[in-house]
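Chemist: What follows is a single structure, and I will ask about it in a moment.
Residue numbers (our numbering), protein chains in the order written: chain A, 76 to 298; chain B, 964 to 1202.
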C-alpha cells in the first residue's frame, strides 16, 4: 500500500467515526452558532460597522472551534489504545500527522461552510465575498496543521485542555493576522490583487508548519 | 545483511537493549536471540519489564540504548518496514469502539495491504469463532470477544512474528482454550507474556524469566526446571 493510500485509509476511518459519533461537526457547529449570537449581542448596535467587526469575530470563532475539533480528532485515537494500533502500521509517524491534519481540516471546513452564511445573516452583511473561497481553506489549513501537531504534543499532559490554547494561540497569530486582514480587504470590496499578498503569507505559513510537523511528529509521539 | 553475518539471522536479536523510565531501568542491557519459529514465553511478576520488552520489540517505544534487530534488520533504521513483519496484541484491543469488528479489521487490512481482505477476515473469524460478531460494534463486545478480535487483527497481515502481551488476561476457560489452541496452530515466531504458566508452557518451546528488566532464567521447555520456575514466580509475586 502506498503512502497516500494509508493516509486515505485513516481519513476515511476518521470520517466514518464522525458519521457514527457526530462528535466534532455537530458539537462544534453548535458552539460556533452560540459564539455568533453572543458576539452579536456583545456589541452595541451600530457602534462598530459590521464589515470592520466581522473578520475578527469570524476568525476568533473559527480559531476556538478549531481547537475543539483538533483535540477531539487526535484524542479519539486514545480510545482502546488505537494510537498504538496506528503506530504499529508499517509507515512512518508522518502518515499519522498528515492524515490527522487532513481530517481536522475537513471537519473545520464543514463547520466553516455552515457558519459563514449564518454570520452573513446575523451580522447583516450584504454579500459574502468570493475571495473567501481561497482565504478560508488556506488559513484553516495553517490552523489545522498547528492544532493537530500541538494536540498530539499535549495529548498525554495532565492539563491538555489548557495546554493546547496556551501553546497554540501564540503560534497561530501570523495565520490569524493574515486571515483577518485578507478577509477584511475582501469585505471592503477590494479585488483579488489586494488579498493576494496575505494569501501568499498564509501559504508560506502552511508550508513551514507542514514541514516542521512532518519532520518532528515522530518525536512528539515518542514522548 | 544480518547482524551476525548468517544467512538466516534470528527472528529477533537484542544487544544490550536498555529502556529507562526516568531513573527506573525497565529493561537493563538485555541480550537475547529468538530463532524463527520459536515460541517464547516471557514470565515474571508485575514490573519485571515484560510489557516494556514487548513494546520495544514492537518498535512502539525506542530503547534508551542498545540495539534491536528483527530478521537481521536494524530497528533503528528500518522500523517502518519491520512493523510489517510483526503482529502485536497489547493489553488494550487497539480497536475503535464505534466501528464494527469487520470495519476495524478492514481498516487494518488496508493499512497492511492485505490482499483479498474480506476472505482473509472471514477465514480467521471462523478459526476464532467470531463470524457472528463481525457486524457488531466493538463497544458492544465483551472483554473476551474484543481480545479475540484483537488477536485476529494481529494476524490479519500474516506476520512472521507474533508479540502477545498477556493476551489471556480476564478470559474465561472457554476463551482461554480457544486462544491457546489458536496460538498453538500458528506457524510463526511467538513471544508471549502471561501469568498463566500452565497454558503458556503448553504452547512454548522456551521460557524466559524476567526480573527487574534482566533475564534471570532462560530455558528450553524440555530442560525446564518447572519447580524452580514456580518457586521464583511465586516468591516474586508475593514480594
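Idealized CB from N, CA, C, for every residue including glycine.
Less than 8 angstroms between the C-beta atoms of residue 1167(B) and residue 1020(B), yes or no?
Modeler: Numbered from its first residue, the second chain carries residue 1167(B) at position 204. Numbered from its first residue, the second chain carries residue 1020(B) at position 57. Contact flag unset, no.
Chemist: Counting only the same chain and skipping the five closest in sequence on each side, list residues whose C-beta sits under 8 angstroms from that of residue 1045(B).
Modeler: In the second chain, counting from the first residue as 1, residue 1045(B) sits at position 82. Closer than 8 angstroms at Cβ, skipping near neighbours: 1022, 1033, 1034, 1036, 1038.
Chemist: Hey, could you find the ends of the beta strand (DSSP E) residue 981(B) is sitting in?
Modeler: Taking the second chain and counting its residues from 1, one reaches residue 981(B) at position 18. Its beta strand (DSSP E) spans residues 975 to 984.
Chemist: Indicate the three-state DSSP secondary structure (helix, strand or coil) for residue 1116(B) in the structure shown.
Modeler: Indexing the second chain from 1 puts residue 1116(B) at position 153. In this structure, residue 1116(B) counts as helix in the three-state DSSP scheme.
Chemist: Here's the rule: buried if 16 or more other CB atoms are within 10 angstroms of the residue's CB, otherwise exposed. What is residue 259(A)?
Modeler: Taking the first residue of the first chain as position 1, residue 259(A) is located at position 184. Buried: at least 16 other Cβ atoms inside 10 Å.
Chemist: Scan the stretch 989 to 1022 of chain B for residues whose Cβ lies nearer than 9 angstroms to a Cβ of chain A and list them as they occur along the chain.
Modeler: Within the stretch 989 to 1022 of chain B, the qualifying residues are 1018, 1021, 1022.
Chemist: I think residue 1097(B) touches residue 1065(B), with their Cβ atoms under 8 angstroms apart; what is that distance to the nearest whole Å?
Modeler: As a position in the second chain, residue 1097(B) is number 134, starting the count at 1. As a position in the second chain, residue 1065(B) is number 102, starting the count at 1. Between residue 1065(B) and residue 1097(B) the Cβ distance is about 4 angstroms, and since that is below 8 angstroms, they are a contact.
Chemist: Work out the CA separation of residue 1084(B) and residue 1141(B) for me, nearest whole Å.
Modeler: Counted from its first residue, the second chain places residue 1141(B) at position 178. Counted from its first residue, the second chain places residue 1084(B) at position 121. In a straight line, the C-alpha of residue 1141(B) is about 17 angstroms away from that of residue 1084(B).
Chemist: Closer than 7 angstroms by beta-carbon distance: list the chain B residues that pair up with residue 96(A), in chain order.
Modeler: As a working note, residue 96(A) is residue 21 in the first chain. Correct list: 1061.
Chemist: Measure from the C-beta of residue 165(A) to each C-beta in chain B and report whether the shortest distance is under 8 angstroms.
Modeler: Locating residue 165(A) in the first chain gives position 90, counting from the first residue. Closer than 8 angstroms: yes.
Chemist: Got a sec: which bits of the stretch 1052 to 1080 of chain B sit with their beta carbon under 8 angstroms from any beta carbon on chain A, in order along the chain?
Modeler: Within the stretch 1052 to 1080 of chain B, the residues whose Cβ lies closer than 8 angstroms to some Cβ of chain A are 1053, 1054, 1055, 1056, 1057, 1058, 1059, 1060, 1061, 1062, 1066, 1070, 1071, 1073, 1074, 1075, 1076, listed in chain order.
Chemist: Examine chain A for any beta-carbon lying closer than 8 angstroms to the beta-carbon of residue 1147(B), and answer yes or no.
Modeler: Against the second chain, residue 1147(B) aligns to sequence position 184. Answer no: the Cβ-Cβ gap between residue 1147(B) and chain A never drops below 8 angstroms.
Chemist: Quick check on residue 233(A): does DSSP put it in helix, strand or coil?
Modeler: Residue mapping note: residue 233(A) aligns to position 158 of the first chain, counting from 1. Reduced to three states, the DSSP call for residue 233(A) is coil.
Chemist: Applying the criterion that 16 or more other CB atoms from any shown protein chain within 10 Å of the CB defines a buried residue, is residue 1108(B) buried or exposed?
Modeler: Stepping through the second chain from its first residue, residue 1108(B) is reached at position 145. So residue 1108(B) counts as buried.
Chemist: Just by C-beta distance, which residues in the stretch 78 to 96 of chain A are closer than 9 angstroms to chain B?
Modeler: So the list reads 80, 81, 83, 84, 85, 87, 88, 91, 92, 95, 96, given in the order they occur along the chain.
Chemist: Output needed for residue 227(A): all residues of its chain with C-beta closer than 6 angstroms, excluding positions within five of it in sequence on either side, in chain order.
Modeler: Along the first chain, read from residue 1 onward, the residue named residue 227(A) stands at position 152. These residues qualify, in order along the chain: 149, 295.
Chemist: In terms of residue numbering, what span does the alpha helix (DSSP H) encompassing residue 1068(B) cover?
Modeler: The residue you call residue 1068(B) lines up with position 105 of the second chain. Run containing residue 1068(B): 1064 to 1074, per the alpha helix (DSSP H) assignment.
Chemist: Taking the alpha carbon of residue 154(A) as the point to measure from, which residue in 1139(B), 1133(B), 1102(B) has its own alpha carbon closest?
Modeler: On the first chain, residue 154(A) is found 79 positions in, with the first residue counted as 1. When only C-alpha atoms are compared, the closest one is 1102(B).
Chemist: In the structure shown, what three-state DSSP assignment does residue 1175(B) receive?
Modeler: Taking the first residue of the second chain as 1, we reach residue 1175(B) at position 212. Three-state DSSP puts residue 1175(B) in coil, outside helix and strand.
Chemist: In chain order, what are the residue ranges of uninterrupted beta strand (DSSP E) at least 3 long that sit wholly in the stretch 1103 to 1166 of chain B?
Modeler: Correct list: 1124 to 1128, 1152 to 1156.
Chemist: Could you tell me which of 107(A), 288(A), 222(A), 214(A) sits nearest to residue 191(A), measuring between CA atoms?
Modeler: Residue mapping note: residue 191(A) aligns to position 116 of the first chain, counting from 1. Per the Cα distances, 107(A).
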